[in-house]
Structures are given as structure tokens and as C-alpha cells.
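Residue numbers (my numbering): 0 to 401.
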């Protein structure tokens, strides 16, 4: 892609395979049926995007046409990048990819993005995190927990990428604190980057700000490689994340920047520790009935669905499934940089829709494995009178440590 154009302003800016998607579409509307934006009354329809492209060509149109003639700007910003449309398409179409390319043009070339995103953008530019918290405060969550930094333990087996939310958000910090207790109880040889850890740039990339993402990714890869986290290092360490968005970005997108790592989710490590007998859990009598909400960037994008459930079962809690679970889970509404902006107009909120499904199971607890999901489900619970509690898997396990 030339430096004169970032993203897709016109059809000709798309890859050839994206243009061919319109002809491959069989108009089954499965993508529309699973889209969280469409299901909550937003203007977005992944199917309509592909059909509009085909209709344009069938009527003699060329690729020299604005993409916003194929899809409205409001619809573009309704996407949560959950990947459900891509996952379900029987012919392999990727309408989400078109939408992210359009966002890249809007944000980079036209500065036409929802103004609520400015706060997150400025935070990532100034303090390397969307909360705009000073890097000097990055370890405050760990006070009194004996969490070693890479300076204190230069050869860890596990490098814990804490993530911006668990390090800075007051509610998500409880997840980090619970996971630290688990690691310490298991005697894991680990370290964190501390003040040297920055945002992975996930939200910047989903919102189209490739410039911010590039800067953060380049910086993070350099720091991780210097720490010896690369798979080609003499003593490669595994990276564990407490955020699926961090996991996805580091594992799948940093290789393009020279960062090749073994990356796992914190629920996977918890499950390993239980299986190896490194931690002992006691079964309590608190009558906890749990339904697990699969984060899109864990279950669908990275195919991790069993580990969090196995960890919950090891903790002795009763689990019950929502109708839409695993790789077919329904989004919480925070992905695709939605966390930092107002939800587009619709008939319902995405998080409230998912919470209603969780409540219908009869469970008294929603377990999550993502700080964004934690925020969205907690907000939905508050709107429903706190009828169900919301906890990260790490919190539930830590409460049962012997």
C-alpha cells in the first residue's frame, strides 16, 4: 500500500480478493444473522456490504467508486470486529476486513472518526495506554503482592503481559491481583515488564489509527525481544496475557514487526497449574452457578474455549452454558474500539442483549476472561439491578486457593 493512501477510500483500494468477495457471496445472510450490531438494530449488515458491491458491478460500475457508497459511515463505526461474519461465511468472505480498511481511510486520511475516540488516541500517544495513566503508575495495582519485574527476575519462564486494563482500571485490577496470587501460590517463575509495558495498540488498529499502532507495536517488539521473549532466544519464555486483545495482537500481528512469541491466555496457564498439581483448590459451599461468556478475541479469533471452562470446573463450581457459546459466542459490545466510544443508535445495547442471554441460564454469576467483557457485563448487570455478579475466571479460582 502506498504512503499516499491508507485504508480504503474507494473500491480500488481494496485487495483483489476483497473485491471478489462480492461475487462469491451466495446471499445466505448468515453473516447478518450473527452480527451483534445488526441484531441490536444498528445500520450495519455485512451481507448488504457485499451485495451492494456486486450490485454496483452488475450495473456497469468500476472500482473507482467511494466505499461509503457501499456502506454508510454510521454502519462502519457500528462494527465490533467480533469476527462472527467471517467465521460463519460458507465461502470465506471477510466483510469485517473491508470495514476496518474503510476505518483506516476515515481515521488516517480524513480524520473522520467518532470524537469520543480522541481521548483513547491521545492516551496511547502520550502515555502509551488509552486510559492516559502515567507509566509511573503502571505497577500500583501490585502493591503488597510481591510481583517481580523483569529487572528483578531477568530469566523468568513466564513473562506476564498484564495489559492496560488490569494495570489501570480499578475493576480489572482485581483480575490482575487474583492472577498474581495464583502465580505466587503455584511458585511460578515469572516476571512483568512493569513501567516498560505499553498498550499493544489493539484499539488503535481496530479504529483505523495505523500510525499509533505501528509506533506501539515497534516499541513493544523491541522491548520483548530485549527481554528474551522471542522463540529464537537461547531461553525462550512464554508470554501470558490477562487480555484476549493483547493475546491476539502479540501472537498474530506482532510477527509482522519481527516479534515471534509463544503466547497463551491466563486461563490456559491456570488450567495447566491445576492439572500439574501446582495449586490446590478447595470446593466451597457458596452455591456458585456460573455461565462463562466467551470473549470474541479468545474463543472465535484464537480458538481457546476449553481452558476457562476446565479451570472453572476444577474450582468446583457448577457451570451452565448460554445458547451461543464457544466460537459461536455473542459479542459483549466492546471490541473494535467500541470500548472508547458511544454505541451507534439501535434498538438495544449489545452488552444488555448478551447479559439477558446470560441471565436466562439461571446462573448467579457470569464468568469472563477479558477486561473489556468484564466492564461491559458489569455495566449491564448494574442496569439490571446487579441481579447477577460478574467475575473473571482468575478471581473465582483465587477465592478457592487453599
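All C-beta atoms in this analysis are idealised placements derived from N, C-alpha and C, irrespective of residue type, glycine included. Source: prediction; values computed, not measured.
Beta-carbon contacts of residue i that lie in its chain and below 7 Å, excluding the five residues immediately before and after
i	result
residue 222	192, 195
residue 65	8, 9
residue 206	102, 106, 112, 116, 336
Straight-line Cα distance separating residue j from residue i
i	j	result
residue 204	residue 20	23 Å
residue 394	residue 175	9 Å
residue 190	residue 314	25 Å
residue 234	residue 103	38 Å
residue 111	residue 327	32 Å
residue 151	residue 166	19 Å
residue 304	residue 243	12 Å
residue 85	residue 364	30 Å
residue 93	residue 23	11 Å
residue 28	residue 95	14 Å
residue 149	residue 16	43 Å
residue 144	residue 157	17 Å
residue 208	residue 286	46 Å
residue 383	residue 352	12 Å
residue 137	residue 129	13 Å
residue 239	residue 179	12 Å
residue 199	residue 163	9 Å
residue 298	residue 114	31 Å
residue 39	residue 33	11 Å
residue 262	residue 246	6 Å
residue 370	residue 99	22 Å
residue 13	residue 142	49 Å
residue 264	residue 60	46 Å
residue 259	residue 253	7 Å
residue 202	residue 334	8 Å
residue 139	residue 397	20 Å
residue 300	residue 248	11 Å
residue 73	residue 341	12 Å
residue 399	residue 168	24 Å
residue 184	residue 270	14 Å
residue 218	residue 227	15 Å
residue 71	residue 316	46 Å
Counted within 10 angstroms of its Cβ, other Cβ atoms place residue i as buried (16 or more) or exposed
i	result
residue 308	buried
residue 0	Confidence in residue 0 is poor, its pLDDT being 48 and thus under 50, which makes the residue's placement unreliable; the coordinate value appears in the next sentence. With fewer than 16 other Cβ atoms within 10 Å, it is exposed.
residue 282	exposed
residue 401	exposed
residue 339	buried
residue 389	buried
residue 391	buried
residue 58	exposed
residue 197	buried
residue 11	exposed
residue 251	exposed
residue 35	buried
residue 153	exposed
residue 231	exposed
residue 80	buried
8 Å Cβ shell around residue i - same chain, five flanking residues per side excluded
i	result
residue 186	277
residue 387	354, 357, 358, 362, 363, 364, 365, 380
residue 155	147, 149, 188, 189, 190, 236
residue 125	131
residue 220	253, 256, 257, 258
residue 421	No answer is possible for residue 421: it lies beyond the span of the chain, which begins at 0 and ends at 401.
residue 53	21, 22, 24
Proximal residues to residue i (C-beta, below 6 Å), its chain only, five neighbours per side dropped
i	result
residue 44	31, 37
residue 318	289, 311
residue 294	243, 368, 369, 372
residue 51	69
residue 160	238, 240, 245
residue 123	129, 198, 203, 211
residue 320	none
residue 272	185, 278
Among the options, the one whose alpha carbon lies nearest that of residue i
i	options	result
residue 337	271, 89, 77	77
residue 177	116, 241, 384, 67	241
residue 67	249, 48, 83	48
residue 25	90, 125, 9, 39	90
residue 69	55, 399, 117	55
residue 182	73, 206, 267	267
residue 105	8, 214, 46	8
residue 120	210, 98, 62	210
residue 97	250, 83, 294, 6	6
residue 229	215, 213, 256, 214	256
residue 360	335, 343, 324	324
residue 118	132, 108, 109, 107	132
residue 3	217, 108, 216	108
residue 331	18, 169, 296, 272	296
residue 374	170, 272, 322	170
Residue i beta carbon near the ligand MN (any heavy atom closer than 7 Å)
i	result
residue 20	The ligand MN is absent from the structure shown, which contains no ligand whatsoever.
Using 8 Å as the threshold, is the segment 224-240 in touch with the segment 288-298, meaning 3 or more CB pairs across them? no
Could you tell me whether the segment 371-378 touches the segment 345-355, where touching means 3 or more Cβ pairs closer than 8 Å? yes
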